[in-house]
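Q: This is the structure, below, for whatever I ask next.
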Amino acid sequence: MLAVAIFKFNVKLNYAGYANVGGLLNYYRYMSEINKTEDDWQKELTLEQYQVLRQKGTEAPFSGKYVSANDKGMYVCAACGNKLFASDAKFNAHCGWPSFFQAVAPETIEVKEDLSYNMVRREVLCKKCGGHLGHVFNDGPKPTGQRYCVNSASLKFKKAGKAAKFIGDKLSSFDD
Ligand SMILES: [Zn+2]
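If you count the sequence shown from 1, you need to add 1393 to reach our numbering.
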């Protein structure tokens, strides 16, 4: 009887210990989401996504799947799911890449000076994972005058569902 009691006690202890370790691991996995290694990214992303998001590549003009898309919804980061651009900020810039006049919120992206290829450009990155999205130029339409020229490969489109709210035809909130 004593042996059985000790066995049960141990099982309970182990179970509790296991549950706590699991929770801790999940916590660290969440906290380190943006600190994935290049190996991790390479495994998770397609070759095209990896070349754009992690190696700052540029897809060929008019080759991306979102160049002329105009469904209502949200464009999120293909690497981490961060909400980046709402469909109502998309416009046809005739440049061969999906173009937006503003990000869904200023804190969702990061803009850095890019001096590569003997040009002075402003690189646009996902603020959450640091993935390269494209570049921003000063020749966009009103109201911002900005043109965020973004690679389709860095984006995933989430079509607006029933939970999405519109003011007029503007997407005001998005619920995935
Ligand atoms: Zn991201």
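All C-beta atoms in this analysis are idealised placements derived from N, C-alpha and C, irrespective of residue type, glycine included.
Tell me the DSSP secondary structure of residue 1452 in three-state form.
A: On the sequence shown, position 59 is the one that residue 1452 refers to. Coil at residue 1452, not helix or strand.
Q: If you scan the stretch 1490 to 1564 from start to end, which runs of the beta strand (DSSP E) of 3 or more residues do you find wholly inside it?
A: Listed in chain order, the complete beta strand (DSSP E) runs (minimum 3 residues) inside the stretch 1490 to 1564 are 1502 to 1507, 1514 to 1519, 1525 to 1530, 1540 to 1543, 1548 to 1552 and 1558 to 1560.
Q: Would the beta-carbon of residue 1521 be found less than 7 Å away from any heavy atom of ligand 1?
A: For the purposes of this step, residue 1521 is taken as residue 128 along the sequence shown, with counting starting at 1. Indeed, a heavy atom of ligand 1 lies less than 7 Å from the Cβ.
Q: If you compare alpha carbons, which of 1448, 1528, 1436 and 1427 is closest to residue 1491?
A: For the purposes of this step, residue 1491 is taken as residue 98 along the sequence shown, with counting starting at 1. Residue 1528 is the option with its Cα nearest to residue 1491.
Q: Would you call the CB atoms of residue 1502 and residue 1522 closer than 8 Å?
A: Along the sequence shown, one-based indexing puts residue 1502 at 109. Along the sequence shown, one-based indexing puts residue 1522 at 129. No.
Q: Quick one: what's got a C-beta closer than 7 Å to residue 1484's C-beta in the same chain, skipping five residues either side?
A: The sequence position of residue 1484 within the sequence shown is 91, counting from 1. 1492, 1494 and 1534, listed in sequence order.
Q: Compare the C-alpha of residue 1454 against each of 1514, 1505, 1549 and 1543 and name the closest.
A: Within the sequence shown, the letter at position 61 stands for residue 1454. When each option's Cα is compared against that of residue 1454, the closest is 1543.
Q: Mind checking residue 1443: buried by the 16 CB within 10 Å criterion, or exposed?
A: Position 50 of the sequence shown, counted from the first residue, corresponds to residue 1443. The residue is buried, with at least 16 neighbouring Cβ atoms inside 10 Å.
Q: Any heavy atom of ligand 1 closer than 7 Å to the beta-carbon of residue 1450?
A: To locate residue 1450, count along the sequence shown from 1; it is residue 57. No, the Cβ of residue 1450 stays beyond 7 Å of every heavy atom of ligand 1.
Q: Taking 8 Å as the threshold (C-beta atoms), are residue 1541 and residue 1479 in contact?
A: Indexing the sequence shown from 1 puts residue 1479 at position 86. Indexing the sequence shown from 1 puts residue 1541 at position 148. No.
Q: Ligand 1 heavy atoms versus the CB of residue 1462: any closer than 7 Å?
A: Locating residue 1462 in the sequence shown gives position 69, counting from the first residue. The answer is no for residue 1462.
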